Amino acid sequence: MKISDFIFQFTPTNLSRTDSLCRVRIFLKDNIMHALLTNIDGKYSPASVTNSVEHIRKQLIEKGFISDNTLIIEHYEDRLSGYGSFDRVTFGPGGSPRWESISINKISERFGCNHQELVDKTLENKRLFNELERLHETIRPFTTNTWIEDYAVLSRRYKIMDKAITKSELAEFLSDNPIERELAKFFKRDLAFFADMYAFPSEEYIVVPELKIEEGFVDYAIFSGRSRMDVTLIEIKGANFDLMGSTGYHNFSYKTNEALQQVRGRQGTIIRNYQKFRENFHGIREMIETDKHKFEAFCGPKGKLLVDPNKDVNIRTVVIAGRSKNDLEESIERHNLERNSSLPLRLESWDSLLNKLSGQRAA
Numbered sequence: 591m592k593i594s595d596f597i598f599q600f601t602p603t604n605l606s607r608t609d610s611l612c613r614v615r616i617f618l619k620d621n622i623m624h625a626l627l628t629n630i631d632g633k634y635s636p637a638s639v640t641n642s643v644e645h646i647r648k649q650l651i652e653k654g655f656i657s658d659n660t661l662i663i664e665h666y667e668d669r670l671s672g673y674g675s676f677d678r679v680t681f682g683p684g685g686s687p688r689w690e691s692i693s694i695n696k697i698s699e700r701f702g703c704n705h706q707e708l709v710d711k712t713l714e715n716k717r718l719f720n721e722l723e724r725l726h727e728t729i730r731p732f733t734t735n736t737w738i739e740d741y742a743v744l745s746r747r748y749k750i751m752d753k754a755i756t757k758s759e760l761a762e763f764l765s766d767n768p769i770e771r772e773l774a775k776f777f778k779r780d781l782a783f784f785a786d787m788y789a790f791p792s793e794e795y796i797v798v799p800e801l802k803i804e805e806g807f808v809d810y811a812i813f814s815g816r817s818r819m820d821v822t823l824i825e826i827k828g829a830n831f832d833l834m835g836s837t838g839y840h841n842f843s844y845k846t847n848e849a850l851q852q853v854r855g856r857q858g859t860i861i862r863n864y865q866k867f868r869e870n871f872h873g874i875r876e877m878i879e880t881d882k883h884k885f886e887a888f889c890g891p892k893g894k895l896l897v898d899p900n901k902d903v904n905i906r907t908v909v910i911a912g913r914s915k916n917d918l919e920e921s922i923e924r925h926n927l928e929r930n931s932s933l934p935l936r937l938e939s940w941d942s943l944l945n946k947l948s949g950q951r952a953a
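For the sequence shown, this note's numbering gives the first residue as 591, with consecutive numbering after it.
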């Protein structure tokens, strides 16, 4: 016969700063008392019943719920059997626990109850659920075990969000088919835009607009990555022409090819002078991170990059140019181009770029 059923707040160890919760059901049959200790997963119990069973028993005795002679059964809901798992727990002279599996049929017989009582789900029992919520709120009015980021990182992130260009805003701007100069001016307010798309890990990047490469400039350079630094060179062209030509031969348009030639020229220059550029890119990164530079650079929320200046760098290039007319045809041609490039190359139209915006920018 069941004589009580409640949520018990316990301290997992003598050194623990945070209490946990478990369900306790007490049964009495033939003058023998049994305590069924049910583990509760999730936010309610950082410490499991298994790892704390001797402390739970001791605290139940100290608070008068059970006696030294009460038999302890450990219970986990919803395991392979469908009924959960049950283990008889015995305690040695020093209080150390030992477990022995026991079937639901034997438990039901010992407790003098039916199976339904033993498979009653804690979180589906409204009375117990409300008690769990109340006690959890008392123990953790705020989620104290959640890691809180540095406030400088949080502040930086919010400032970036405040200036973020959204998908709807970009779509409206592109509807006027802006030229390259107008696009450069538009993105000047949100230099994190391209980093959000091409930098990994997210929020660990440095954006350098108009970075000089020999006799020319690349519109944006993004430094990112871990250990080996990724250098992503981005060339943007206007949205006032089509990505593909109008000849019907599946060729890129003249202006698209012009942008591709510029990027190929940058690739060749870097490949021929790789060591020089590797050192130069790391030198620029270090100047920006130590604030000893004249670049109009923009750093991500998480500050300095975790890269090794003695390792190789990964060079990647991106061209964003023109408008789309046939997504499938253009996707095939872009894939063919990217597959045959000597260095990783991504070609996007402004429409394909727009379609890839996600997260907070997708609004």
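We treat Cβ as the ideally placed atom computed from N, Cα and C, and that holds for glycine. Since we're looking at a predicted model, the values are computed, not measured.
So the alpha helix (DSSP H) residue i belongs to, where does it begin and stop?
i, result
"Val853", "Tyr844 to Arg862"
"Asp752", "Tyr741 to Lys753"
"Leu708", "His705 to Leu708"
"His840", "Premise fails: His840 is in no alpha helix (DSSP H) and is neither H nor E."
"His726", "Lys716 to Ile729"
"Arg771", "Glu770 to Phe777"
"Asp658", "Segment: none, Asp658 is in no alpha helix (DSSP H) and carries neither H nor E."
"Tyr788", "Ala782 to Tyr788"
"Leu764", "Lys757 to Leu764"
"Arg929", "Asp917 to Arg929"
"Asp609", "No alpha helix (DSSP H) holds Asp609; DSSP gives it neither H nor E."
Going by beta-carbon coordinates alone, are residue i and residue j separated by less than 9 Å?
i, j, result
"Ser675", "His665", "yes"
"Glu938", "Ile910", "yes"
"Ile593", "Arg700", "no"
"Glu794", "Arg816", "yes"
"Leu718", "Phe596", "yes"
"Ser843", "Gly855", "no"
"His705", "Ile692", "no"
"Arg951", "Thr756", "yes"
"Phe784", "Val797", "yes"
"Met787", "Val897", "no"
"Thr603", "Arg730", "no"
"Val614", "Phe655", "yes"
"Ser932", "Gln851", "no"
"Gly890", "Arg746", "yes"
"Glu920", "Ser942", "yes"
What residue does the beta strand (DSSP E) around residue i start on, and which one ends it?
i, result
"Asp902", "Neither: Asp902 is in no beta strand (DSSP E) and is coded neither H nor E."
"Phe807", "Gly806 to Ser814"
"His645", "Segment Val639 to Glu652 is the alpha helix (DSSP H) holding His645; no beta strand (DSSP E) there."
"Lys592", "Lys592 to Phe600"
"Met623", "Ile622 to Thr628"
"Ser691", "Pro687 to Ser691"
"Arg700", "Per DSSP, Arg700 belongs to no beta strand (DSSP E); it is in the alpha helix (DSSP H), Ile694 to Phe701."
Counting C-beta neighbours from all protein chains within 10 Å, is the total for residue i 16 or more, i.e. buried, or is it exposed?
i, result
"Ser610", "buried"
"Ala637", "buried"
"Thr822", "buried"
"Glu723", "exposed"
"Asn641", "exposed"
"Leu899", "Residue 899 is actually Pro in this sequence, not Leu. Result: exposed."
"Ala953", "exposed"
"Leu935", "buried"
"His925", "exposed"
"Arg779", "exposed"
"Thr837", "exposed"
"Glu825", "buried"
"Phe790", "exposed"
"Leu918", "exposed"
"Leu773", "buried"
"Leu760", "buried"
Leaving aside the five residues before and after residue i along the sequence, list all residues of the same chain whose C-beta is less than 6 Å from its C-beta, in chain order.
i, result
"Ala782", "Ile750"
"His726", "Tyr634"
"Lys894", "Glu879"
"Phe867", "Ile860"
"Thr601", "Asp609"
"Val709", "Tyr673"
"Asp809", "Ile824, Glu825 and Ile826"
"Lys884", "none"
"Phe598", "Cys612 and Val614"
"Phe888", "Leu781 and Val797"
"Leu650", "Ile656"
Whose C-beta lies closer than 8 Å to the C-beta of residue i among residues of the same chain, with five residues either side of it excluded?
i, result
"Val643", "Leu627, Ile662, Glu664, Val679 and Pro687"
"Phe807", "Glu800 and Leu801"
"Asn715", "none"
"Leu670", "Because the pLDDT of Leu670 is 48, which lies under 50, any placement of that residue in the model is unreliable, and the number read from its coordinates should be weighed accordingly. Nothing meets the Cβ criterion."
"Asn904", "Gly815, Arg818, Met819, Asp820, Val821 and Pro934"
Taking 8 Å as the cut-off, is the C-beta of residue i nearer than that to any heavy atom in the ligand FAD?
i, result
"Leu760", "Only the bare structure without any ligand can be found here, which leaves the ligand FAD out of the picture."
For residue i, which residues of its own chain have a beta-carbon under 7 Å away from its beta-carbon, when the five flanking residues on both sides are left out?
i, result
"Glu690", "Asp677 and Arg678"
"Gly684", "none"
"Glu886", "Pro799"
> Are three or more beta carbon pairs between the stretch 873–883 and the stretch 906–926 nearer than 8 Å?
Replying inline: Under the three-pair Cβ rule at 8 Å, the stretch 873–883 does not count as touching the stretch 906–926.
> Counting pairs of beta carbons, one from the stretch 913–920 and one from the stretch 821–838, are three or more of them closer than 8 Å?
Replying inline: Segment contact: the stretch 913–920 against the stretch 821–838, three or more CB-CB distances shorter than 8 Å; contact assigned.
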